[in-house]
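Chains P and A are the protein sequences, given in the same order. One gets my numbering by counting positions in the first sequence from 1 and adding 74 to each. One gets my numbering by counting positions in the second sequence from 1 and adding 74 to each. Here is the structure we will look at, set down as structure tokens.
Number of protein chains: 2
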Amino acid sequence: MRLIVARCEVRYSGRLSAVLPEALRLLVIKADGSVMVHSDAGGYKPENWMSAPTVIEESDGTIEVRKVGGEERLSIRLAEVASDVTHDMGEAAGLQKDGVERHLQELLAEAPHWCGEGFRLVRREWPTDIGPVDLMCRDREDCFVAVEIKRIGTIQAVEQLTRYLERIRLEPGMRDCRGVLAAQVVKPQARVLAESRGIECVEVDLAVLRGEREPELTLFDAA
Amino acid sequence: MRLIVARCEVRYSGRLSAVLPEALRLLVIKADGSVMVHSDAGGYKPENWMSAPTVIEESDGTIEVRKVGGEERLSIRLAEVASDVTHDMGEAAGLQKDGVERHLQELLAEAPHWCGEGFRLVRREWPTDIGPVDLMCRDREDCFVAVEIKRIGTIQAVEQLTRYLERIRLEPGMRDCRGVLAAQVVKPQARVLAESRGIECVEVDLAVLRGEREPELTLFDAA
DNA sequence: ACTTAGATTTCGCCG
DNA sequence: CGGCGAAGTCTAAGT
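So, in structure tokens, the structure goes:
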């Protein structure tokens with residue numbers, strides 16, 4: 075993340091045309107390419123901005139931001155730079171997970187037995203060459219279990235976990251790795267697809283995970 | 075404007091309850107008291123925020139933001155501060171101002187005679203104990219004139235200027251301070267109220283101020 | 001990918 | 001001050 079405090083003039087053209095006269099402002103360039111222009115008042119909404127995906131070009135005193143595959147353009151003319159710093163905010167930034175999903179992942183990482191009896195955590199964000207799977211656990215028989223966590227378990231989630239399992243099972247010693255989809259709600263169609271592929275579905279209750287409420291037997295737990 | 079890059083946990087309660095688990099984020103505290111919490115991805119919208127007016131309290135590792143006259147509360151627990159810098163972005167930033175209003179103030183500060191013949195600028199953002207008045211000028215007779223600038227001159231603007239004048243006239247040597255409401259458009263009811271309180275109204279034309287167009291006599295200028 | 005509905009919507013105007 | 005409608009709406013969810 076790059077933070078620039080500068081006297082600057084900003085021009086936007088695209089869905090409309092707008093000019094911000096030269097003034098002292100904060101420019102934020104995020105790791106994903108999104109750009110915000112903020113003044114020192116009037117919270118929340120930037121004076122101007124462009125969301126990802128963008129191409130950013132910088133040359134002597136100007137920053138040009140163009141939308142990938144679009145006509146939009148943000149031109150920033152820097153008149154006087156008061157500060158220009160870049161912060162590495164870690165590899166986790168690029169992906170950006172839903173707050174709830176992330177929270178779920180944390181809670182389940184702390185108490186993986188909610189994903190299956192006797193489960194123990196091996197690691198969070200187990201890497202594969204097509205992206206990290208949320209949790210890698212071992213079950214009671216010491217068998218590996220890849221756990222994909224979603225707020226809502228959809229067909230896409232099953233497909234995603236399937237792709238991970240394909241890769242993981244190529245690794246030595248992981249040929250029998252199982253798969254579990256953990257979600258607050260699992261859609262019926264996702265459940266059908268998952269079962270046909272030998273993937274287990276587990277519905278988790280946030281209140282129970284937090285220890286605020288006792289677990290109850292649901293229709294599916296009883297099955 | 076204060077920029078903090080820190081690993082932090084953020085809790086909001088008010089219109090809803092939300093928790094952001096500990097992560098590296100950018101905190102922006104603007105001069106008007108508005109606060110934004112941004113991650114390194116996903117432009118435009120902050121992960122969490124509170125708009126002005128707020129009261130901000132800071133004590134060992136935590137920042138508490140409360141909405142003035144409301145139940146909303148933003149609690150930030152700082153786990154590890156990577157950077158914490160404050161930029162003075164000019165005294166004009168203090169209150170939230172519309173971009174147009176700000177621009178108007180800049181132009182009128184440069185050419186205060188548009189607020190009244192013979193006016194000379196004493197200073198912008200003249201401080202009072204209830205907030206700064208936009209411009210303090212002297213007229214041809216060297217009498218002080220407090221100028222409130224608005225995009226649209228409303229009853230509220232007249233009330234605001236009235237409150238300022240009450241305070242200003244208590245100061246030594248300013249007992250006869252006059253008041254002028256300068257706006258692009260002055261609402262008829264605001265005009266009536268202003269006149270009843272001896273406050274002058276002036277309609278200003280942005281194009282004229284910029285020197286792009288010659289001034290024209292309007293109905294009210296002629297009065 | 002397109003469409004629709006919700007948002008701590010925000011923001012501005014009008015009665 | 002409350003209601004209504006637009007926004008470069010944005011964002012998530014459903015189809």
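By construction, the Cβ of each residue, glycine as well, lies at the ideal position given by its N, Cα and C atoms. A quick note: this is a predicted structure, and the numbers were derived from the prediction, not measured.
Residues of chain P whose Cβ lies closer than 7 Å to the Cβ of K104 of chain A are, in chain order, D114, A115 and G117. Per the C-alpha coordinates, the member of A:E215, A:G107, A:P186 and A:R252 positioned closest to V278 of chain A is A:P186. A:S113 is the residue among A:V260, A:R241, A:I204 and A:S113 whose C-alpha sits nearest the C-alpha of L100 of chain A. For Y238 of chain P, the enclosing alpha helix (DSSP H) covers residues I229 to I242.
Nearest CB-CB separation between A281 of chain A and chain P: not below the 8 Å threshold.
Rounded to whole angstroms, the separation of the alpha carbons of L267 of chain A and A231 of chain A is 10 Å. In this structure, P:N122 is the residue among P:G116, P:N122 and P:Y118 with its C-alpha nearest to the C-alpha of M110 of chain P. Per DSSP, P95 of chain A is one residue of the beta strand (DSSP E) stretching across S91 to I103.
Against W123 of chain A, the close residues of chain P are G117 and Y118, in the order they occur along the chain (beta-carbon pairs closer than 7 Å). Separation of the CB atoms of V196 of chain P and C211 of chain P is rounded to 6 Å, and the pair is thereby assigned contact status at 8 Å. Just so you know, the alpha carbons of V79 of chain P and L152 of chain P end up roughly 10 Å apart. Residue contact check for S108 of chain A against chain P: a CB pair falls below 8 Å.
Distance from the CA atom of S149 of chain A to the CA atom of S108 of chain A, rounded to whole angstroms, is 14 Å. G190 of chain A is positioned such that its CB atom lies closer than 8 Å to that of V276 of chain A. In the same chain as T202 of chain A, and ignoring 5 residues on each side of it, the C-beta atoms closer than 7 Å to its own belong to Y238, R241 and I242, in chain order. Closest in C-alpha terms to R214 of chain A, from the list A:K224, A:R194 and A:I229, comes A:R194.
For R265 of chain A, the enclosing alpha helix (DSSP H) covers residues P262 to S270.
DSSP places A185 of chain A outside both helix and strand once states are collapsed to three, so it counts as coil. Between the C-alpha atoms of M163 of chain A and L255 of chain A there is a straight-line separation of about 26 Å. Contact between D106 of chain A and A126 of chain A holds: CB atoms are separated by about 4 Å, below the 8 Å threshold. According to DSSP, residue pairing for G253 of chain P in a beta bridge involves P:A220. In this structure Q179 of chain P is buried. Its beta-carbon is surrounded by 16 or more other beta-carbon atoms within 10 angstroms. In the structure shown, R214 of chain A falls within a coil segment according to DSSP collapsed to helix, strand and coil. With respect to T160 of chain P, R89 of chain P sits apart: the two C-beta atoms are not nearer than 8 Å. Taking 8 Å as the threshold, the shortest C-beta distance from H187 of chain A to chain P does not fall below it. Around V79 of chain A, the beta-carbon contacts reaching into chain P at under 7 Å are H161. Here the alpha carbons of L209 of chain A and R198 of chain A stand approximately 5 Å from one another. Residues of chain A with a Cβ closer than 7 Å to the Cβ of P95 of chain P are, in chain order, H177. Cβ proximity to chain P below 8 Å picks out S125 and A126 from the region 125 to 152 of chain A. Across the set P:A220, P:G272, P:V84 and P:A257, the C-alpha of P:V84 shows the shortest separation from the C-alpha of V139 of chain P.
Of the residues assessed, I273 of chain A falls on the buried side of the cut-off, its CB having 16 or more other CB atoms within 10 angstroms. The beta carbon of A183 of chain A does not come within 8 Å of any beta carbon belonging to chain P, so the residue lies off that interface. At a cut-off of 8 Å between beta carbons, A156 of chain A contacts chain P. One thing to note: A183 of chain A has its Cβ no nearer than 8 Å to the Cβ of W200 of chain A.
According to the DSSP assignment, V282 of chain A belongs to no beta strand (DSSP E) but to the alpha helix (DSSP H) extending over L280 to L283. Under the Cβ distance rule, E83 of chain P does not count among the residues neighbouring chain A, no pair being separated by less than 8 Å.
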